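Going by UniProt numbering, the residue at position 819 of the sequence shown is 819; the numbering climbs one at a time, nothing skipped. Yeah, the Cβ is synthetic: ideal placement off N, Cα and C, and Gly gets one too. These numbers were taken from a predicted model, which means no experiment stands behind them. Below is one structure, written out as structure tokens; comments come after it.
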Amino acid sequence: MWNPHFSGKPAGILRGHQAPVSYLCISSEDSQIFSVSVDNAVKVWDIQEQHCLLTVDSKESGIRGDITACSYSSSMKSLYVAADNMAVLSQKTRPRRHGQLVSHEEPVKCCGYCEEFRQVVSCSEESVVRVWDFDTGRLVFEFGSTHAVTCMTFDLSGRRLITGGRDGCLRIWNYSNGQCLKTLKKDGECRAVLDCIFLRVHSNFYVMSVGQDRNVSIYSDVPTDFRHVQKPKPSWQDDQKGHKEEILCVAHCPPSLLATGSCDGEVIVWDVVSGRMQCRFTSPPPDEQQHTDGIDASVTSAIFLKSSELQQFSMATALVTSGAMGYINLWSVHSGGEHVGALKASRTQGKITKLAKTEKTSRLYAADQMGYIYIHDIKKFAPSQKSQKAENFWRAHTSRVTGLQVVADDQVVLTSSTDCSVRLWSDRGEFIGTFGQNEIWSTRLSSSWKHPAVPYEVLIDPPSVPNPKILNMETNANNSGETHHRGGVKITFSKISEGRRKIVHKYHKIVFTQISLKETNTRGFNGNLHRDVKTTEQQAASEVAETCQQPGKAHALRALRATLTAGWSLRMLSDRRLLGAKVAGCWILLSLLYINFPAGNSGESTQSRNDVHAIHHNELDLREIVFVLQSQSNSHHAKQAERKRADLLAQARAVTENPPLVLFLHTLSDNEGDWSILPLLPYLSHSFGKNSSWIVFLEEQTNVRVKKLVQVLAKYDKNEEWFLGKPLHDEESTIIHHYAFAENPSTFKYPDFSAAWALSVPLVARLASKVRDEPLKSDFTIDLKHEVALYIWDEGNGPTLTAVPELCSEEEDSPQALERCATTLSRELPACGDPVKKEDLFVAVKTCKKFHSERVPVIKKTWEKDALFLEYYSDHADPSIPTTDIGVPNTERGHCGKTFAILQRFLSGSAPKTRWLVVVDDDTLISLPRLRALLSCYDPSEPVCLGERYGYGLSQGGYSYITGGGGMVFSREAVARLLDSGCRCYSNDAPDDMVLGMCLNALGLPVTHSPLFHQARPEDYARDFLAHQVPISFHKHWNIDPVAVFNKWLKDDLVTRRSEREDKTEL
């Protein structure tokens, strides 16, 4: 690049092409340069930063033949490339999400597993080679290459890595130190290598490569050949009669068969010993496709199958290759070869990019360009059945899968993709982790896996949504529904209720919104469609949200959120099936189509939103408030939430015919992190940002006077940012708040959730953008009230909590509450009947020898007498206490081994057979009478795990757990399911509460939170917060008199407290 006003030297030099540059396009508007080299490499450069933004692989982008011309359209954001076909490369407009977890900074071209060292090797587009520890996911080593890696393989020992490059060379590496041991290179012009393989034929070893030169190159691997640059062996006799187009893949079947597949769909099977072609055939088009024009028939992957997998076909050897439109083809390779049948492997008609199989089973794995992995049983394959159902499938990546390998001994699947990630999965599709993540995993310990979480990028990617069952490409013969035509695109609705049809017709302007697109012969439009429909999508969300506030339609918002927040708003439907990536139209389909509204609730609202917003800004309509109940999935808490919603709606109907929307936090999605509120904000902003003014959060025990609350909120300008609540503050800096504001902790105010708290919609909108764009600073969620306030305050950049006197935690019938409070609180200990009997509760105390004389006496002086069944578990048997030595040595941190030994003992019959197990530390102070009263609300036949809830990694698919210090309560059913799952500690000193949380999360068992359990001392909590509680436990003896603390906070039993309250009521 030159500055025209200064010709002394270039202003910049862009390096990266491995071959001469033949074409340049400059986009001044986008400040980018597009370059094409003679090896068909297309690069996009940033002019200002002077670096390569993207390298386009012609193989993956559907470019066939040599590129002869190119042109860039800034208006379409597309590069038009002329080769044997015309291709359009659409520029991605959706940038990688900030904080997105990746294994490489660039797209990953290939990956492989080395059994010898139990390591994974991956290569990126910019030729960065990374070596990973298979058993933990940690990065071991990385090095760079200069030959633009396109493929890789290992030698048979697994000690050397062979890579092929765009420069036409192969290189052999010691990947433990990054040393290039040898270069394999042909004389003259070298075209890109696209696949390579290492094989043994009798006693000889070879490296073979295929690529754009359309030949099979063969290199001997001789240990005594010390030449750094090695030439290939002479070409096979039939090589000149071989492929007419570039060869994309190669596969070996010991001892002497080799298969190659090319971009024109031709497959050739070779005899490696003689160099002669054994058979050749061309991939057939799918039966439903009458015309082959525009079909991508290229063979991108091939594998051989042996006799044990082919008994039903009476064949000794067969070849499986990728075909057109998501099909795979099965071939017989003997007696001249024949096509046995085809199987539709991809549910999206996406190109199958990789195939793999297990040696000892008949399972065939296929990966496509949309990132899906499919598992088929070859033994169940019938040639007449083209749409055999996959045994299993899942979406592993958001774009083309470039690496697929089954590690049978560990029963896991290794994948890589152009989405820059390398991932590990169980062979059942359970997500183990992404190489490069902070948390380590163990392939043998399922509790260390990410499952049941999925990669966040996959979750929010639009194609991840299942196709709605009520939409069909064609009208079924038995379908009594109706068909609508819009602009040549047909959508068929199954027969639906009248009320539901009215909703669909009301929003026809949203449902039938067409975006015209030019026909292309490329992989897709990437993010352009998402950007173009953003405005329409937001309008749709707001209008549907308004309708769903009518009686009986609240559940629509949950389905709407599942669609919109994950980006699942696009469908491409046509009267004809898609030809390659030919697109006829794009339709926005909102998830209201899933919702079966009762016919009686489909009428129009009696007052429009325009009428509401015409009111003066300091007046407020009840429908402008969205109530969010901070509910839980446990059956007791779900019933409590239902009662609270019924009460709110009953009060609202006394004020208006159109009550507000009341949402249950635990039903909004399956995202475990929703209870931490912050991950929920983008949904709240998206769904209610247009037609609502306030989001009000309530706990289950919060009582609300709806009319009074509306009057209170009307005092505040709803067009400004407001954070409202009853303020709490720390008297001293505390460990649970990470000693924040240590100099003067009382200066920072945070809300008392039990008194309700509110956010204005403008504030929610800003916070939602922040949540989307910035990762949370801490992985742990400990005291949610404080952490939400800190996040909103943002070190002074956001608002502080505004104290609202009418948001109270007073008792409902107190004079103060009756006079001014919009919210009140019941201060009674939750109880749902008679307390659980003493004989139904078993208490396990974790201790160790050094605390026998210090902490155990405190328990004996305070709460031991309230337990009928109690045992002390230690590393030393002391008959004077007595303690039980369970054979687990004491550890300074984490007591996972000891806790799991207790769980096993609880079920073994060595302990009394009670319904409930309580596990506490030896410095836990607890009121067992209060606990037994609380447990009357829970069903012991359910898997109940109760205590103070913390969270880890909740914004990134993490898990919740019961913190151990405050006491962990388990029903017998919960303990049985935990142990039956095989969940175990990865070490004795692992944090027991967090390991249990991972296990519960993996099993889908909820963690139930009670604010009455406390991980710290009373001094560590705000005075006003404890004032309205009947606490059950505290933890730690630091700088306190534990006996005095117990006597003050926990000693009085439930009967005494109730009688005192009854006396006060009579007075």
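Check                                                                                                     : Outcome
C-alpha gap between Arg-276 and Ile-303, whole angstroms                                                  : 20 Å
Val-273 - DSSP class collapsed to helix/strand/coil                                                       : coil
For Glu-743, three-class secondary structure by DSSP                                                      : coil
CB-CB length for Ile-378 against Leu-424, believed under 8 Å                                              : Between Leu-424 and Ile-378 the Cβ distance is about 24 Å, and since that is not below 8 Å, they are no contact.
Inter-residue Cα distance where the pair is Ala-556 and Ser-687                                           : For Ala-556, the predicted model reports a pLDDT of 40, less than 50, meaning its position is unreliable and no value from the coordinates is stated.
Bridge partner(s) assigned by DSSP for Met-86                                                             : Ala-82
Separation of Arg-64 from Ser-71, as counted between CA atoms                                             : 17 Å
Contact check, Lys-746 vs Tyr-739, beta carbons under 7 Å                                                 : Residue identity differs from the one stated: residue 746 is Ser in this sequence, not Lys. Against a cut-off of 7 Å, the Cβ pair of Tyr-739 and Ser-746 comes out as no contact.
Rounded C-alpha distance that separates Arg-166 from Phe-134                                              : 28 Å
Segment contact flag, the region 183-196 with the region 147-154, C-beta cutoff 8 Å, min 3 pairs          : yes
Same chain, Cβ closer than 6 Å to Ser-927, neighbours up to 5 away in sequence not counted                : Ile-1032 and Leu-1050
Bridge-paired residues (DSSP) for Leu-152                                                                 : Looking at the sequence itself, residue 152 is Met, so the reference to Leu does not match. Thr-163, per the DSSP bridge assignment.
Closest residue to Ser-362 among Thr-883, Ser-987 and Ile-375 (Cα-Cα distance)                            : Ile-375
N- and C-terminal bounds of the alpha helix (DSSP H) containing Gln-711                                   : 706-713
Given 8 Å, three or more beta-carbon pairs between the region 748-761 and the region 820-838              : yes
6 Å CB neighbourhood of His-1009 in its chain, flanking five on each side removed                         : Arg-949
Contact check, Ala-758 vs Val-662, beta carbons under 7 Å                                                 : no
Proximity below 7 Å, CB of Ala-641 to CB of Ser-631                                                       : yes
4 or more residues per run - each alpha helix (DSSP H) lying fully within the region 948-1003             : 972-980 and 992-1003
Closest by C-alpha distance to Leu-678, when choosing among His-852, Ala-408, Ser-955 and Asp-993         : Ser-955
Distance CB(Val-764)-CB(Leu-684) smaller than 7 Å                                                         : yes
Cα-Cα separation between Ser-908 and Ser-971, rounded to whole angstroms                                  : 15 Å
Element boundaries [alpha helix (DSSP H), containing His-862]                                             : Going by the sequence as given, residue 862 is Thr instead of His. Where Thr-862 is concerned, the enclosing alpha helix (DSSP H) stretches over 856-862.
Candidates His-1014, Thr-434, Cys-945 and Arg-623, of which the one nearest Glu-457 by Cα                 : Thr-434
Selection from Cys-983, Val-836, Gly-242 and Asp-1024 that minimises the alpha carbon distance to Pro-940 : Val-836
Met-896 - containing alpha helix (DSSP H), residue span                                                   : It is worth fixing the name first, because residue 896 is Cys in this sequence and not Met. That run of the alpha helix (DSSP H) goes 896-908.
Tyr-327 - DSSP class collapsed to helix/strand/coil                                                       : strand
First and last residue of the uninterrupted beta strand (DSSP E) at His-339                               : 338-344
Residue environment, His-637, which counts as buried when at least 16 other CB atoms sit within 10 Å      : buried
Segment contact, 8 Å Cβ cut-off, at least three pairs: the region 322-340 with the region 350-367         : yes
Where the beta strand (DSSP E) containing Ser-685 begins and where it ends                                : Not the beta strand (DSSP E): Ser-685 falls in the alpha helix (DSSP H), residues 681-688.
Where Asn-634 falls, given that 16 or more other Cβ within 10 Å makes a residue buried                    : buried
CB of Glu-624 within 7 Å of CB of Ser-693, strictly                                                       : yes
Among Val-267, Ala-1002, Asp-1041 and Thr-300, nearest to Asp-980 - alpha-carbon criterion                : Ala-1002
Residue from Pro-254, Val-216, Val-710 and Pro-223 whose Cα sits closest to the Cα of Lys-182             : Pro-223
CA nearest to the CA of Lys-241, picked from Val-216, Ala-396 and Phe-381                                 : Val-216
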